[in-house]
Amino acid sequence: MIYHSTRDESLKADSAQAVLEGLAPDGGLYVPQSLPAFDWQACLKGSAMDMSTAILSALLPEIPDMPELVRKAYTGKFATGELTPTVPVGDMHVLELFHGPTSAFKDVALCMLPQLLTAARTAKGVKEDILILTATSGDTGKAALEGFRDVDGIKICVFYPDGGVSQVQRAQMVTQEGKNVTVSAVVGNFDDAQTGVKMIFSACRDKEMKHRLSSANSINIGRLAPQIMYYFKAYRDLLDAGKIRLGDLVDFSVPTGNFGDILAGYLAKELGLPVGMLICASNANNVLTDFIRTGTYDRMRPLYKTDSPSMDILVSSNLERLLYLLSGDAALVAGLMKDLNEKGSYTVPAELLEKIQAQFMADYCGDAEAQEVMGRVFRDHGYVCDPHTASGWLAAERYVNSTGSKRPMVVLSTASPYKFPQAVLTALGQTPAGDGFDQMEQLNAVSGVPVPKNLAGLRTKEERHTGVIEKEAMLDFVLAI
Ligand SMILES: *Cc1c(COP(=O)(O)O)cnc(C)c1O
C-alpha cells in the first residue's frame, strides 16, 4: 500500500518504509494514497485484539505476521483482556484507555509500535540498529520506554521538559529499567524539547550514523494506526449494551494535544465506522479550538503550564494529516506549513474550513473548570476522572447542551487519575498531603478505586536517570549514544 508525504505526493513509501522512517524526507507526514476497502462490520465482531489485527493488516499490509505481532504486543500487558473497556457514567460513556503498563492511553499504541518497527526492519533488510528519539509532554516518554525496553536492535532516548511533568510522571521515567534506554530532562518547555528533537533529525540526516533514527511520536503512522482499534471497540460495547443499533452514529469527545488520538477517530470513520461528531477538547492552550472555530492556526501565543500537561502543546503535528486528507492538495499543505514555520500562523481556505467544521467541533477547559468537572462527576456518579478526561467531559457536555443531540456520546479517558493525584484530590475537596505517592494513597482512601500496580510500585524504585541538560546540548547528548 502506498503512502506519501502530506507536502509532496511524489515522495512515496510503502507501509513498512513509512513506519521505519517516521517522517517523510521533506518534513511532511505519511498519509495513505487511498484507504483500502475495509469490512467494518466484520471487524466489530471480534475481540479487541482481533479488531487491532484487522485494522493494522489493512493499513500496514507490507508488515507480515500481524496476528502474531498483535498477540505479542498486548498479551498480559493490560489489566483487562478487553484492553479498553467502556464504562457508563451518567449520560456519557467513558472509554477507559488507561489500563496498560504505564496507565496512559499511549500504551495502546506504544505496546504495538516496537513490534511493527522490528517487523518492518526485518522486512526491509535493515542492518543498523534503530535509535528512537522522543520528546514527551509526560505520557509518551514512559509508554515508549516501557514499550521499547530490551527490544533487540532498538535503542530509545527520551527528553522531557524539566519541571513540566507531574511528580508521578517524572518518577515513572527516571526509574526506567532496561539496557537500551536513556532519559534526560531538558531546561525549557515541551515545544523546546520537541524542536530540539526535530533539529537532531535534520542534523543527522546527512551524517554517517551508527544508528538509523526514528520516532515514537504520533507523527509515525505506526503509532497512529493502532489507536483506531478502540473507536471500534467502544462502538461494539455500545452495541452489546443495547445502546445503539448497527449503523447508528456515535459522537466522540477526545482530549487533544498533538491531534493524534482524534485523527485516529477520523480514520476509523473513513474505514466505515459510523462516527458522528468528533469533539476536539483542549485545555487553556486552546490553539486548536481557535483554529476549528475560525480557520486560523496561530501558535504565536504563550504556552501555559496546566494540570493536564499532556495537552500543553502549541504545534499539533497531526493536524497536517487532516488538512491533507480533507483537501487532497499537497501544495496547499506545504504552503500552510511554510507559513506556520516562517510567520507562526496560517489560515485555511473557506471550503477546507467548512469540511473541517462539518465533522469536528472544538471546545476548551481551564484548570478551574476541570476541577469543577472532576468534583461534580465524583459527587454525582462516584466516578473519578483525571484532568485530561475532564476537558473531554466538559466539551462533550457543552456540545450536547448547545445542540440538543440525542446521540450516544463517548468520552475518551486518556489517563488514570492516579497520574495526577494532587489535582484530582483538590477537585474532590481534599487537601493533598505529602508527596505524589502519599497522595495516591490518599486518593485511594477517598475514592476506593485501586491504585494501578505499576504506579504503586514506583515509590521504592531506584532513580537511574536524573540528568538535566540545556536544549543546546541535546545533539551532543544523542551523538554520545
Ligand atoms: C498524549 C495525551 C493526550 C493528547 O493526545 P494526542 O494524540 O497528542 O492528541 C491527551 N491526554 C493524555 C493523558 C495524553 O497522554
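Using our numbering, the first residue of the sequence shown is number -17, and each one after it goes up by one. Glycine residues also receive a C-beta, built at the ideal position from the N, C-alpha and C atoms.
Check, Outcome
"Stretch-stretch touch, CB-based, cutoff 8 angstroms, three pairs: the segment 97 to 108 with the segment 0 to 10", "yes"
"Through-space distance from G120 to D134, alpha-carbon basis", "25 angstroms"
"heavy atom of ligand 1 below 8 angstroms from V315 C-beta", "no"
"Near ligand 1: A352 beta-carbon under 8 angstroms from a heavy atom", "no"
"Exposed unless 16 or more other CB atoms sit within 10 angstroms - verdict on M282", "exposed"
"Residue-chain proximity (L77, chain B), Cβ-Cβ < 9 angstroms", "Of the protein chains in this structure there is only one, and it is not chain B."
"Distance, Q209 Cα to L270 Cα", "20 angstroms"
"Nonlocal neighbours in the same chain, by C-beta distance under 6 angstroms from S200, ignoring five residues either side", "L206, N240, G242, N300"
"Cβ-heavy atom distance, T122 to ligand 1, below 8 angstroms", "yes"
"Local Cβ density within 10 Å of E302, reported as buried at 16 or more and exposed below that", "buried"
"Where the alpha helix (DSSP H) containing G374 begins and where it ends", "369 to 385"
"Straight-line gap, I274 to Y346 (C-alpha atoms, nearest Å)", "12 angstroms"
"Y306 - DSSP class collapsed to helix/strand/coil", "helix"
"Outcome for Y435 when other beta-carbon atoms lying within 10 angstroms are tallied against a minimum of 16", "The displayed chain sequence assigns Lys, not Tyr, to residue 435. Exposed: under 16 other Cβ atoms inside 10 Å."
"Contact under 9 angstroms by Cβ, L5 with N162", "no"
"Rounded C-alpha distance that separates L17 from L296", "29 angstroms"
"Run of the alpha helix (DSSP H) containing L394, from where it starts to where it stops", "Careful: L394 lies outside any alpha helix (DSSP H), inside the beta strand (DSSP E) at 391 to 395."
"Where A167 sits in the DSSP three-state scheme", "strand"
"Segment limits, alpha helix (DSSP H) that includes Y346", "Looking at the DSSP string, Y346 is not in any alpha helix (DSSP H); the run it does join, the beta strand (DSSP E), is 342 to 346."
"Rounded C-alpha distance that separates S545 from T329", "A question about residue 545 goes unanswered here, because the residues of the chain that appear run from -17 up to 463."
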